[in-house]
C-alpha cells in the first residue's frame, strides 16, 4: 500500500515538472569505456562493460553463474595471446581496447541502417542531413529553442573532414570517423573546433585556479588549440590501460603482477556478470534505498493526503 501511494506521489510530481527531452551537443570528448559510474563499492557493472562491451555485458547478466564462469574461462585462453598460462596487464589492455572497438562497430552498424536511405552501401551528406534535420528543413519555425542552423553547419564541417576523398559520400570507415571522431587522428582538429564553438574555450568553463595551474600551459591567459586538444582528448590518459591496471589490482591474489586463469575465475564477478550477481545487486539497491524511500514517504504523505482530498473527493 505504501509503495502504491508513493508511486502516486512521484507520478504527480513528474507530470507537473516534465519537459521535452533536451537535444545533446554533438561535441565529442574521448569515449569512456562505459557510461555507468565506476563505483565498485556498489557493483562491478562498469568493469563488466569495459571488459566485455555493453551488449555482451547484458548477455552475461542473463546467464547462470556456472555458464558465465565457463565462458569467462574460454575468454581467458583467448586473452593469453603468448600462451604462457598467464594474463598480463598489456594483454588485458589489448582485450579491453578490442571490446570497445567492437562496441563502436556495432554502434555504427545500428545507425547505418537509419541513414543509408537508398540502401546503396554508402551515406551521402544529403541523406544524413535529411534524416537528422528533415523536420527542421520542412518547417524552420517548428522549434525555435535550438539553433539548428549552427548544429547543421557543425555536422557538415565534421562530415567533410571525415570524408577523406571529398565526394560528400561516406563509406563505413568515413562514417565511423564522423560518428566517433575521438578515435581518428585526422578528426582531432575538428573536435577542438566544435568544442570551442559551444563555449568551451574560456576560463568560465572551468575553475580559474584549475585553468591557471593545469590548462593554460604557456601562461598566456587563454586556451589555444593545443591546450584545448590536450584537455578534451588527453594524450596522457588511457582508459583501457587504467581499467587493465584496476582489474589486475582487484584479482592478483599473489601480487606477482600477472593473472592466472584461477585468479580470474576466483574473481569472476569483477570481470563478468551473471543472473546471481545481477540479482544480488538488485537486492542491494532495494535494501539500501528502502529506509530513504520510507522517510521521504512520511515527509510527503501530508501533501499527498491534501492532494487526494482536494482533487479526488
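Numbering (mature numbering (1 follows the signal peptide of the UniProt record, and there is no 0)), first residue to last: -20 to -1, 1 to 293.
Even glycine gets a Cβ: it sits at the ideal position worked out from N, Cα and C.
As the structure is a prediction and not an experimental result, all values here were calculated from the model.
Given a cut-off of 8 Å, decide if residue j and residue i are closer than it, judged by their beta-carbon atoms.
i	j	result
residue 224	residue 72	yes
residue 35	residue 26	no
residue 92	residue 139	no
residue 220	residue 22	no
residue 165	residue 171	no
residue 24	residue 169	no
Leaving out the 5 sequence neighbours to the left and right, which residues in its chain are closer than 6 Å to residue i when beta-carbon positions are compared?
i	result
residue 48	40, 252, 254
residue 142	154, 157, 158
residue 129	none
residue 103	95, 96, 150, 155
residue 31	251
Excluding sequence positions up to five away, which residues of its chain have a Cβ less than 8 Å from the Cβ of residue i?
i	result
residue 173	137
residue 51	40, 43, 252
residue 120	128
residue 83	33, 34, 35
residue 87	159, 160
residue 146	140
residue 152	88, 92
Excluding the 5 residues flanking residue i on each side, which residues of the same chain have their C-beta closer than 7 Å to its C-beta?
i	result
residue 144	154
residue 94	111
residue 245	49, 52, 53
residue 75	59
residue 68	238
residue 37	28, 29, 253
Could you please give the first and the last residue of the uninterrupted alpha helix (DSSP H) stretch that includes residue i?
i	result
residue 16	Looking at the DSSP string, residue 16 is not in any alpha helix (DSSP H), and its letter there is neither H nor E.
residue 246	241 to 246
residue 225	219 to 231
residue 48	45 to 59
residue 25	25 to 32
Could you tell me if residue i is buried or exposed, where buried requires 16 or more neighbouring beta carbons within 10 angstroms of its beta carbon?
i	result
residue 79	buried
residue 65	exposed
residue 57	exposed
residue 229	exposed
residue 33	buried
residue 13	buried
residue 133	exposed
residue 231	buried
**OP:** With a floor of 3 residues, list each beta strand (DSSP E) that falls wholly inside the stretch 76 to 158, ordered by position along the chain.
**Re:** none
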